[in-house]
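Written below as structure tokens is the structure these notes are about.
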Amino acid sequence: MPEKDERDLALVVVDMQNKFFAGADAALTEERRRHLQGIAKAVDMFHAAGRQVIFVLYDGVTHYMDGNTAEGDAIVSGIDARPDDVYVHKYHMNSFLNTCLEDAVRSMGCDTVLLCGMITEFCVMATYWGASDHRLSAFLMKDALISSDPKHTPMFMELCRNYDFGELELNLSKTHPEKPKDPLADYIRKKYPANGTH
374 MPEKDERDLA LVVVDMQNKF FAGADAALTE ERRRHLQGIA KAVDMFHAAG RQVIFVLYDG
434 VTHYMDGNTA EGDAIVSGID ARPDDVYVHK YHMNSFLNTC LEDAVRSMGC DTVLLCGMIT
494 EFCVMATYWG ASDHRLSAFL MKDALISSDP KHTPMFMELC RNYDFGELEL NLSKTHPEKP
554 KDPLADYIRK KYPANGTH
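Structure below.
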């Protein structure tokens, strides 16, 4: 099993959209204040290392919305989401379910997802467990998760594998994932190996 500093990580930012803070209670608002900086820091570290970031966006409506708006769908301010980053759209808690997330991760030459964003106990954890169904490893990013109740986050940190910022810095300084020359063709060959028939 690879050490933390040897893993080819893809940073996956889950649901950091304005819509989730519409009508937010005091606890969620405080969680945003405490951990938005950590999410932004992780994104900046990947960009500084020349890596794209994967942003997962929920296309449905939340409990506090009558319908989608451009402002609600937008990524919250303070996070450097760039045009050349990767954007995956979903309708379920598990970011892998009926999406191209696995393809996006593998096209970057990565086999491990590093998760940050919100809401920890729902979409982030569903994605964490869902990664294994796609033969991908998963880790949580410490100090970069927003929960509906701050008491939940330490429990998930204890339960799940995670990186702190020192470990992430070391990893990014040592690993350089090699992108497949033809990501889609390479993915298809691996998913549907030749069986000797024509």
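Take my numbering: the final residue in the sequence shown is number 571, and no numbers are missing along the way.
Where is the CB? At the ideal position from N, CA and C, for every residue including glycine.
Could you work out which residue in the options is closest to residue i when comparing CA atoms only?
i	options	result
Leu-382	Gln-390, Ala-447, Asn-544	Asn-544
Arg-479	Phe-512, Tyr-464, Lys-515, Arg-508	Arg-508
Phe-512	Phe-529, Lys-552, Asp-417, Glu-403	Phe-529
Leu-488	Pro-375, Arg-380, Ile-412	Ile-412
Gln-410	Phe-538, Thr-485, Thr-548, Gly-482	Phe-538
Lys-547	Lys-414, Cys-496, Phe-419, Glu-531	Phe-419
Met-389	Asn-535, Ile-492, Thr-526	Ile-492
Pro-432	Glu-494, Thr-485, Val-461	Rather than Pro, the amino acid found at residue 432 in this sequence is Asp. When only C-alpha atoms are compared, the closest one is Val-461.
Pro-553	Lys-515, Asp-484, Ile-519	Asp-484
Asn-575	Ile-519, Lys-414, Pro-550, Met-498	Residue numbering for the chain in the displayed model covers 374 to 571; residue 575 lies beyond these limits and cannot be assessed.
Cys-496	Ser-520, Arg-380, His-408	Ser-520
Val-387	Asp-522, Asp-457, Val-449	Val-449
Quick one: is residue i buried, meaning 16 or more other Cβ sit within 10 Å of its Cβ, or exposed?
i	result
Phe-393	buried
Lys-524	exposed
Arg-405	buried
Thr-442	exposed
Asn-568	The pLDDT assigned to Asn-568 is 46, lower than 50, so where the model puts this residue is not dependable; a value taken from the coordinates is nonetheless given after this. Result: exposed.
Glu-444	exposed
Thr-402	exposed
Thr-570	In this predicted model, Thr-570 has a pLDDT of only 39, less than 50, meaning its place in the structure is not dependable enough to derive any value.
Tyr-464	exposed
Start and end of the beta strand (DSSP E) containing residue i?
i	result
Lys-463	459-463
Phe-419	Unbroken run through Phe-419 is the alpha helix (DSSP H), 399-421; no beta strand (DSSP E).
Leu-384	382-387
Phe-469	Unbroken run through Phe-469: none, as it is neither H nor E.
Which first and last residues belong to the alpha helix (DSSP H) in which residue i is found?
i	result
Gly-445	443-446
If we count Cβ pairs, one from each stretch, closer than 8 Å, do we get three or more for the segment 464-476 versus the segment 495-514?
yes
List, from N- to C-terminal side, the beta strand (DSSP E) runs of 3 residues or more that fit wholly inside the segment 504-543.
510-519
Evaluate the contact criterion for the segment 398-407 versus the segment 423-430: three or more CB pairs, one atom per stretch, below 8 Å.
no
Which whole runs of the alpha helix (DSSP H) in the segment 472-507 are 4 residues long or more, in chain order?
474-480, 498-503
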